[in-house]
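Position in the sequence shown counted from 1, then plus 2, gives you the working numbering. Take a look at the structure set out below.
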Amino acid sequence: MKMDNLTQYDFKGTLKNEALKYNFNLTDEQLTMFENYKNLLLEWNEKINLTAITDEYEIILKHFIDCLECTKYINENENIIDVGTGAGFPGIVIAIYFNNKVKITLVDALNKRILFLEEVVKRLGLKNINIIHGRAEELAHNTEYRETYNIVVSRAVANLTTLLEFDVGFLKVNGRCLFLKGDNVKEEINNAKNALKILKCDIENIYNYNYEVNNEIYSRNILQIIKKDIISSKYPRNFGKIKKSPL
Ligand code: SAH
Numbered sequence: 003m004k005m006d007n008l009t010q011y012d013f014k015g016t017l018k019n020e021a022l023k024y025n026f027n028l029t030d031e032q033l034t035m036f037e038n039y040k041n042l043l044l045e046w047n048e049k050i051n052l053t054a055i056t057d058e059y060e061i062i063l064k065h066f067i068d069c070l071e072c073t074k075y076i077n078e079n080e081n082i083i084d085v086g087t088g089a090g091f092p093g094i095v096i097a098i099y100f101n102n103k104v105k106i107t108l109v110d111a112l113n114k115r116i117l118f119l120e121e122v123v124k125r126l127g128l129k130n131i132n133i134i135h136g137r138a139e140e141l142a143h144n145t146e147y148r149e150t151y152n153i154v155v156s157r158a159v160a161n162l163t164t165l166l167e168f169d170v171g172f173l174k175v176n177g178r179c180l181f182l183k184g185d186n187v188k189e190e191i192n193n194a195k196n197a198l199k200i201l202k203c204d205i206e207n208i209y210n211y212n213y214e215v216n217n218e219i220y221s222r223n224i225l226q227i228i229k230k231d232i233i234s235s236k237y238p239r240n241f242g243k244i245k246k247s248p249l
């Protein structure tokens, strides 16, 4: 939505109304945090590449509403890790929504994005957030992080086969993956049959949701996967192997 010189775009009002359509009744405190996050995102995006989405209405739908959807499958007091969080999606959105009631670890391989996330956490006053610069397939072997989390979330990081190998080592047995995926989720599942088996995972649910931006409908899926058993310490393999011979 374009801003003109006379009227400031009503970001909080628009977010409030859009979120209500998806059954999120955001408080003024949450709306203010989202607005500050959006301002930092746009400000830092001029110097480092954080997002291709810069229109405020599109940020509301494609980043905030899209990521809020996964909070429907998260309970308070869970210990969550967001692998490949980038500019904080969905991790920062989850943190704002639960407002310090969950513990969340944000992981990314790109240090400049880590610096941005540190600034966001500081400026928004978010608590219980741990930010780690590193590669998932390496961190998942570190005893500090292995089999530590109830939930691992990822959006737009890799195909399902690769994503499972990156992420499942972080989970406790009976922990869950929540993967934010696009339209071709059935095909991804078909291709990941072997990875699911080797990594002791079962698909529990596929939650479909849609949103509309400028007359285009986006069909999205949250893939909920449960880790049924402990996995071999071989996994994840190093990135060369993951890429060269996918499970
Ligand atoms: N989840 C965010 C970012 C997606 S872009 C969003 O939905 O907007 C993918 C991000 O994953 C990038 O920031 C990249 O640095 C990170 N990434 C990719 N592979 C990774 C790995 N193996 N370990 C850690 N981070 C990784």
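Virtual Cβ for every residue (Gly too), placed ideally from N, Cα, C. Note that the structure is predicted; figures quoted are calculated from it, not measured.
- Residue burial annotation: residue 235 is exposed, with fewer than 16 other C-beta atoms found within 10 angstroms of its C-beta.
- About 15 Å separates the Cβ atoms of residue 104 and residue 133, ruling out a contact at the 8 Å cut-off.
- Between ligand 1 and the CB of residue 139, the shortest heavy atom gap is smaller than 7 Å.
- Taking 3 residues as the shortest admissible run, the stretch 107-163 contains the following complete beta strand (DSSP E) segments, listed from N- to C-terminal end: 131-135, 151-157.
- Not a single heavy atom of ligand 1 lies less than 7 Å from the C-beta of residue 54.
- With a cutoff of 8 Å on beta-carbon distance, residue 185 and residue 221 are scored as near each other.
- Close CB contacts of residue 240 within its chain, under the 7 Å cut and outside five residues either way in sequence, are with 139 (chain order).
- Of all C-beta pairs linking the stretch 21-30 to the stretch 87-96, fewer than three are shorter than 8 Å, placing the two stretches out of contact.
- Remark: the shortest separation between the CB of residue 36 and any heavy atom of ligand 1 does not fall under 7 Å.
- Of the candidates 210, 232, 215, the residue whose Cα lies closest to the Cα of residue 200 is 232.
- Counting only runs of 3 or more residues that sit fully inside the stretch 167-246, the beta strand (DSSP E) segments are 173-183, 203-215, 218-229, in chain order.
- Nearest to residue 211 by C-alpha distance, out of 187, 106, 175, is 187.
- For residue 95, there is no enclosing beta strand (DSSP E); the residue is part of the alpha helix (DSSP H) that begins and ends at 93-100.
- Within the DSSP bridge table, the entry for residue 85 names 109 as partners.
- Taken from the Cβ of residue 87, at least one heavy atom of ligand 1 lies inside 7 Å.
- Proximity to residue 228 across 194, 190, 178, 196 peaks at 178, based on C-alpha coordinates.
- Between residue 76 and residue 131, the C-beta spacing is not below 8 Å.
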